[in-house]
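2 protein chains.
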Amino acid sequence: MTSLPVVNQPPHRCGALVDHLARRLRLRSESVLAPLGLRPRHLIALTVLRDLGGSSQQHLAKTLEMDSTNVVTLLNELETENLIERRRSPADRRRHLVELTDVGAKLLARAEFALTAVEDEVFSGLSAEQRETLYALLQQASSKTAGEACRESGGC
Amino acid sequence: MTSLPVVNQPPHRCGALVDHLARRLRLRSESVLAPLGLRPRHLIALTVLRDLGGSSQQHLAKTLEMDSTNVVTLLNELETENLIERRRSPADRRRHLVELTDVGAKLLARAEFALTAVEDEVFSGLSAEQRETLYALLQQASSKTAGEACRESGGC
DNA sequence: TAGATCGTTGGTGTAAGACAAACCATTGAT
DNA sequence: ATCAATGGTTTGTCTTACACCAACGATCTA
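As they're listed, the protein sequences go chains A and B. Each residue of the first sequence is one higher than the one before, starting from 1 at the first, in the UniProt record's numbering. Each residue of the second sequence is one higher than the one before, starting from 1 at the first, in the UniProt record's numbering.
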C-alpha cells in the first residue's frame, strides 16, 4: 500500500474551542446586556426566533435543545417585556405560535449594536472578512441542525 | 455625499450563534465524556493547556477567564486523575507551572476521538473543508486573546 | 522587616437548567 | 361519544457551575 497523502492526521475538534469562545463572549455580554434587561439566554432565544421567523414552542424547545418547561419560563419572561407574542395556531389550537414583536425586534437590534465592542474585542484576532466567514459558517452549521429539528417536530 | 458601497449594513454578530452551538455541542459531549471521567470544563482546560504547552495557574485563570479559586478546584480534579502536573517554578517558587502529563495528553486524544460522532452531527451542515476553516478561525481568535492574557500576566 | 503576590482552603450565594408530577384545552382515532 | 395522545403550563426539587469573600502559608521584592 503506497502511503496516502496528508490526509490521515486526526481531524481538528472545534468543541472545546467553541465552548471557550462562548464563555469569553458570554461573560462580557452579560454586563452589556444587563442595562437592556436581557440575559444571554434571552438573546439566544430572540436571535433564533428572528432567524426562524416564528415557531411553535415545541419546535423552539427542540431547536434550543432546552427542556420545554424551561422554555415556558423563558418565554414568560420575554412576553412580560412584550418582546415576543404567543398566538394560538389556527390549524391546531393547542399550539402556541411564538413570534418576535416589533419591540422585541428593535431591542434585539439595539442589543446587537451594543455588543459591537464585545465582539470587536473577542474577535480582535480576525479580520472583518474572516469574521464574516466565521459568521457564515456558524449560521450554516446551526441552520442545518435547526432544519432537522424542524422536520422531526413536523413544524414549520 | 454620494452613497457608499454595500458597506453600511449592520455587521453580523456571532455571539448568540456561538453560544447556541456551544450548547448543542456541550449537551452531546457530556454523555460521551462521562465514561472517560471527564466533564466539558475539564476538556476545555486540557485543550488550552495543550495549546499553551503549560502555564502558570494565574495565567491559566486569565486565559480561561475563570475565578482563580475555581481554577484550583478544577486543577485538583485533574491532578488527582494524574492528567496534569503542578511543578514549582524555579524562577519564582510561588508559582505553579501546570502541564499536561502523558496520561493527560493521551486521555485528551482519546476524548477528542470519542467526540468525532458528536462533531460530525453538530457540524453536519458543513463540508470537511469548511470545518477545517472554522477550526482555523476559532483557533486564531482564541489564540490572539490568549496572547493578550499572557502579556497582561507577564506570563509565558 | 514590611508589603505584595501565588496558590490554597472553606464557605456563601445565585442562576441555569434537568427532571417529575399534575393539570387544562384540544385533537384525532375508534 | 369516548378516550388516548399532544401542546402548553405550573410547581417544586435537585444538581452543577460559578462568582465572590475571607483567611492562610509560602515566597518574592523593596
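Every residue, glycine too, gets a C-beta built ideally from N, C-alpha and C. Keep in mind the model is a prediction, meaning the values are calculated, not measured.
Is residue i helix, strand or coil when you go by DSSP?
{"i": "Arg13 of chain B", "result": "coil"}
{"i": "Glu99 of chain B", "result": "strand"}
{"i": "Leu4 of chain A", "result": "Here the model assigns Leu4 of chain A a pLDDT of 47, short of 50, so the residue's position is not dependable and the matter cannot be decided."}
{"i": "Ser153 of chain A", "result": "Per-residue confidence for Ser153 of chain A stands at a pLDDT of 47, beneath the threshold of 50, marking its modelled position as unreliable; the derived number appears in the next sentence. In this structure, Ser153 of chain A counts as coil in the three-state DSSP scheme."}
So with CB distances below 7 Å, who are the chain A contacts of residue i?
{"i": "Thr47 of chain B", "result": "Ala16"}
{"i": "Leu100 of chain B", "result": "In chain order: nothing, as chain A lies at least about 14 Å away."}
{"i": "Leu138 of chain B", "result": "Cys14, Leu17, Val18 and Leu21"}
{"i": "Gly37 of chain B", "result": "Per Cβ cutoff of 7 Å: no residues; Gly37 of chain B is ~16 Å from chain A at best."}
{"i": "Ala34 of chain B", "result": "Result: empty, since nearest Cβ-Cβ is about 15 Å, beyond 7 Å."}
{"i": "Leu126 of chain B", "result": "Leu137, Gln140 and Ala141"}
Just tell me which of the options has its CA closest to the CA of residue i.
{"i": "Leu78 of chain A", "options": "A:His20, A:Leu115, A:Val18 and A:Leu46", "result": "A:Leu46"}
{"i": "Ser127 of chain B", "options": "A:Glu119, A:Ala141, A:Glu129 and A:Ser127", "result": "A:Ala141"}
{"i": "Leu115 of chain A", "options": "A:Cys14, A:His12 and A:Val32", "result": "A:Val32"}
{"i": "Asn82 of chain A", "options": "A:Pro40, A:Ser89, A:Pro90 and A:Leu108", "result": "A:Leu108"}
{"i": "Glu30 of chain B", "options": "B:Glu129, B:Phe123, B:Gln130 and B:Glu112", "result": "B:Glu112"}
{"i": "Val24 of chain A", "options": "A:Glu129, A:Ser124, A:Met66 and A:Gln139", "result": "Correcting the residue identity first, residue 24 of chain A is Arg in this sequence and not Val. Measuring from the Cα of Arg24 of chain A, the nearest candidate turns out to be A:Ser124."}
{"i": "Glu85 of chain B", "options": "B:Asn76, B:Arg93 and B:Asp92", "result": "B:Asn76"}
{"i": "Ala91 of chain B", "options": "B:Ala61, B:Leu52 and B:Ser56", "result": "B:Ser56"}
{"i": "Leu43 of chain A", "options": "B:Arg131, B:Thr133 and B:Gly15", "result": "B:Gly15"}
{"i": "Ala117 of chain B", "options": "B:Ala22, B:His12 and B:Arg28", "result": "B:Arg28"}
{"i": "Gln58 of chain A", "options": "A:Leu97, A:Leu36, A:Val103 and A:Ser143", "result": "A:Leu97"}
{"i": "Leu36 of chain A", "options": "A:Gly104, A:Asp67, A:Thr63 and A:Ala61", "result": "A:Gly104"}
Can you list the residues of chain A that residue i reaches, using a CB-CB cut of under 8 Å?
{"i": "Val103 of chain B", "result": "Under the 8 Å cutoff, chain A gives no residues; its nearest Cβ is about 18 Å from Val103 of chain B."}
{"i": "Val71 of chain B", "result": "The contacting residues do not exist; Val71 of chain B stays about 13 Å from chain A at best."}
By the criterion of Cβ-Cβ separation under 9 Å, what are the contact partners of residue i in chain A?
{"i": "Pro40 of chain B", "result": "Gly15, Ala16 and Asp19"}
{"i": "Gln58 of chain B", "result": "The contacting residues do not exist; Gln58 of chain B stays about 17 Å from chain A at best."}
{"i": "Glu129 of chain B", "result": "By Cβ distance, chain A contributes nothing, its closest Cβ being about 11 Å from Glu129 of chain B, past 9 Å."}
Kindly list, in the order they appear in chain B, the residues whose Cβ is closer than 7 Å to that of residue i.
{"i": "Arg23 of chain A", "result": "Glu65"}
{"i": "Arg26 of chain A", "result": "Asp19"}
{"i": "Leu115 of chain A", "result": "Arg13 and Gly15"}
{"i": "Ser29 of chain A", "result": "Gly15"}
Along chain B, which residues have their Cβ under 8 Å away from the Cβ of residue i?
{"i": "Ile84 of chain A", "result": "Ordered by position in chain B, no residue passes the 8 Å Cβ test against Ile84 of chain A, which lies about 15 Å from the chain."}
(request) Any chance you could list the alpha helix (DSSP H) runs of at least 4 consecutive residues sitting entirely within the UniProt domain "HTH marR-type" (11 to 143) of chain B, in chain order? (result) Complete alpha helix (DSSP H) runs here, min 4: 15 to 33, 40 to 52, 57 to 64, 68 to 80, 102 to 114 and 116 to 122.
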